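Working notes for the structure below.
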Amino acid sequence: MMKKLIAVLILGYLSISVRGQDSLNLKIAEQVEVIEHLVREPMFVEHPSGSLFVSGYSNKTATPHLWRSDDKGKTWNILDVGTQSEGADGNSDVDLAVDSQGTLYFITMRYTTFPENMDDFDFMKAKGKHIAVGVSKDEGSSWKWKYISKEDYDDRPWIVVDSDHGAHIIWNNNKGVHYVKSKDQGETWSEKMTISPKGGSSHFAAGENGLLAVRVSALSASATIYSSGTDFVSISKDNGDTWNSVKLPGKRSWKGERSNGVDRWVDPLAWDDNDILYHMWSENQTLYLGVSEDYGQNWNIIEVLKNEDQLYFPFLSIKNGTLAFSCLSGYDNDIRHHAGVINLVGNEYNVSAIEPLKLENLKGRFGSDTLSHGGEYFPIQVLKDGDLGMVTTIQDYGKNQLGFTWWRLKIELD
6 MMKKLIAVLI LGYLSISVRG QDSLNLKIAE QVEVIEHLVR EPMFVEHPSG SLFVSGYSNK
66 TATPHLWRSD DKGKTWNILD VGTQSEGADG NSDVDLAVDS QGTLYFITMR YTTFPENMDD
126 FDFMKAKGKH IAVGVSKDEG SSWKWKYISK EDYDDRPWIV VDSDHGAHII WNNNKGVHYV
186 KSKDQGETWS EKMTISPKGG SSHFAAGENG LLAVRVSALS ASATIYSSGT DFVSISKDNG
246 DTWNSVKLPG KRSWKGERSN GVDRWVDPLA WDDNDILYHM WSENQTLYLG VSEDYGQNWN
306 IIEVLKNEDQ LYFPFLSIKN GTLAFSCLSG YDNDIRHHAG VINLVGNEYN VSAIEPLKLE
366 NLKGRFGSDT LSHGGEYFPI QVLKDGDLGM VTTIQDYGKN QLGFTWWRLK IELD
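Each residue of the sequence shown is one higher than the one before, counting from 6 in my numbering.
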């Protein structure tokens with residue numbers, strides 16, 4: 006809906022209520038199912054050539070999986086990313102990034118492999134073991150891999166690229182949130198810097214002019230550590246040489262804090278081309294967007310979405326002034342996948358969302374017939390042609406169907 010902003014200054018933050026009329030529609034244009042390997046917590050990027058790349062994790066695998074499409078997502082082929090002995094060594098969280106010259110980055114982590122019988126398995130004893138990153142300069146045909154870290158409890162890596170073709174990595178473990186960068190397209194990486202001595206690497210965003218932002222959250226080390234009060238963004242204005250922490254707008258409760266808190270893992274960030282920082286989070290039945298024009302010193306708060314069931318696990322990206330977002334609602338068979346766009350123009354914005362999706366091909370992680378969420382986010386991004394791309398997990402052990410769904414969404418004017 007097209008909204009006019011009504012701003013009221015409350016406790017240092019600019020809280021925004023909205024009103025307006027419909028002007029945009031977001032519609033599903035294409036839905037392609039790829040059945041091959043499990044793709045939990047997927048990620049995708051669009052190469053400058055137009056090729057699309059999708060990855061996600063499967064706990065049982067030795068090497069991470071990566072698919073490429075050369076026809077805008079209509080068909081997909083799995084790529085050979087190398088062997089475990091060559092460093093293609095991961096079975097958990099992944100991320101993808103590509104710079105304007107076409108250098109492709111693929112980061113993954115190794116986690117405890119689950120036993121066939123999960124009845125007596127203690128998740129608190131499971132842990133990350135390392136972080137590895139692969140670099141390809143030929144659209145995924147060949148790869149060079151390096152280990153970034155080999156420490157107990159290594160967890161949730163993210164990789165971003167800056168406007169000068171530099172690459173930046175964050176991750177966490179039981180010793181805080183860590184950072185390295187490369188100025189030579191992944192040939193060498195800097196010494197590890199600790200951004201925060203505690204907390205988790207919830208998300209990572211790169212902007213123009215040397216801007217980076219790291220979301221540091223209370224849960225870390227694969228959710229084995231809860232650090233009360235750790236809830237901020239760390240910002241760099243010099244491509245990662247120095248960092249300063251800023252407070253976040255709004256209030257957040259955590260499942261690690263009390264049983265009725267909100268499930269959180271990725272509270273996403275994004276920079277636009279005008280150095281404006283965006284942060285998305287949920288609280289109970291409301292999804293919020295924070296907007297800062299002064300590097301996190303002050304925030305405008307926008308109420309993006311309300312729902313009867315609890316909203317959680319959001320994702321956010323931005324391109325050409327359009328913010329794409331996704332999140333989940335409900336639990337068990339009430340789980341629904343939400344997706345939409347926010348178009349910001351001056352003092353007005355428009356929110357358009359598809360009808361929440363009930364994904365019957367996304368069942369329980371260990372063979373349950375109950376609906377599941379497939380991970381702690383599902384990605385959505387604006388593509389070069391103006392459409393939106395989105396990926397969800399296919400996980401139905403009863404029908405022996407494991408893979409992913411590629412979605413193409415179109416924005417249409419009323």
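We put the beta carbon where it would ideally sit given N, CA and C, even for glycine. This one's a predicted model, so the numbers in the text were calculated from it and none came from an experiment.
Taking 3 residues as the shortest admissible run, the region 152-230 contains the following complete beta strand (DSSP E) segments, listed from N- to C-terminal end: 160-166, 172-178, 181-187, 198-201, 205-211, 217-222. Gln400 counts as buried, since no fewer than 16 other beta carbons sit within 10 angstroms of its beta carbon.
The residue among Trp276, Ser201, Ile340, Phe111 with its C-alpha nearest the C-alpha of Trp248 is Ser201. Assignment of Phe128 by DSSP, reduced to helix, strand and coil, places it in the helix class. According to the DSSP assignment, Asn355 belongs to the beta strand (DSSP E) that extends over 353-358. Under the DSSP assignment, Met114 falls in the beta strand (DSSP E) whose first and last residues are 109-116. Inter-segment contact for the region 343-359 and the region 34-43 is absent: fewer than three beta-carbon pairs are separated by less than 8 Å.
Just measuring C-alpha positions, the residue of Ile359, Ala172, Val185 sitting nearest Val103 is Ala172. By the beta-carbon neighbour count (other beta carbons within 10 angstroms, threshold 16), Leu418 is exposed. Taking 7 Å as the cut-off, the Cβ atoms of Ala329 and Leu393 count as close. In terms of CA proximity to Phe49, Phe111 leads the group Phe111, Gln290, Ile40.
CA-to-CA, the gap between Lys197 and Glu46 works out to about 26 Å. Classified as buried, Thr113 has 16 or more neighbouring CB atoms from the shown chains inside 10 Å of its CB.
In the three-state scheme derived from DSSP, where H, G and I count as helix and E and B as strand, Glu91 is classed as helix. Within the same chain, Cβ atoms closer than 8 Å to the Cβ of Thr193 are found at Ser187, the five residues on either side in sequence being excluded.
It is roughly 45 Å from the alpha-carbon of Pro254 to the alpha-carbon of Ser90. For Arg341, the enclosing beta strand (DSSP E) covers residues 341-350.
Partner residues in a beta bridge of Ser105, as assigned by DSSP, do not exist. Residues of the same chain with a CB within less than 6 Å of the CB of Ser331, apart from the 5 flanking positions on each side, are Phe320, Ala344, Phe383, Ile385 in chain order. For Thr235, there is no enclosing beta strand (DSSP E), since its DSSP letter is neither H nor E. Taking Asn325 as reference, the option from Ile340, Glu360, Ile347, Asn338 with the minimal CA-CA separation is Ile347. Between the alpha carbons of Val138 and Ile153 lies a distance of about 7 Å. A distance of 7 Å or more separates the beta carbons of Val267 and Gly191.
Residue pairing by DSSP places Gly394 opposite Gln386, Arg413 in a beta bridge. Taking the CA atoms as reference points, Ala93 sits about 6 Å from Gly87. For Arg413, the closest C-alpha among the options Asn405, Lys404, Leu388, Tyr402 is that of Leu388. If you compare the alpha carbons of Glu41, Asp277, His183, Asp76 with that of Glu51, the shortest gap goes to Asp76. In this structure, the beta-carbon distance from Phe409 to Val39 falls below 7 Å.
Annotated three-state conformation of Tyr283 is strand, per DSSP. Rounded to whole angstroms, the Cβ separation of Asn64 and Trp72 is 18 Å, and the two are not in contact under 8 Å. The alpha carbon of Phe237 has as its nearest neighbour, out of Leu333, Lys256, Asn244, the alpha carbon of Lys256.
Per DSSP, the unbroken beta strand (DSSP E) holding Thr291 starts and ends at 291-297.
Pro120 sits exposed, since fewer than 16 C-beta atoms from the chains shown fall within 10 Å of its C-beta.
The C-beta of Asn405 has fewer than 16 other C-beta atoms within 10 Å across all chains shown, which makes the residue exposed.
Beta-carbon to beta-carbon, Asn178 and Leu217 are separated by about 20 Å, too far to satisfy the 8 Å threshold. Between the alpha carbons of Ser334 and Ile359 lies a gap of roughly 14 Å.
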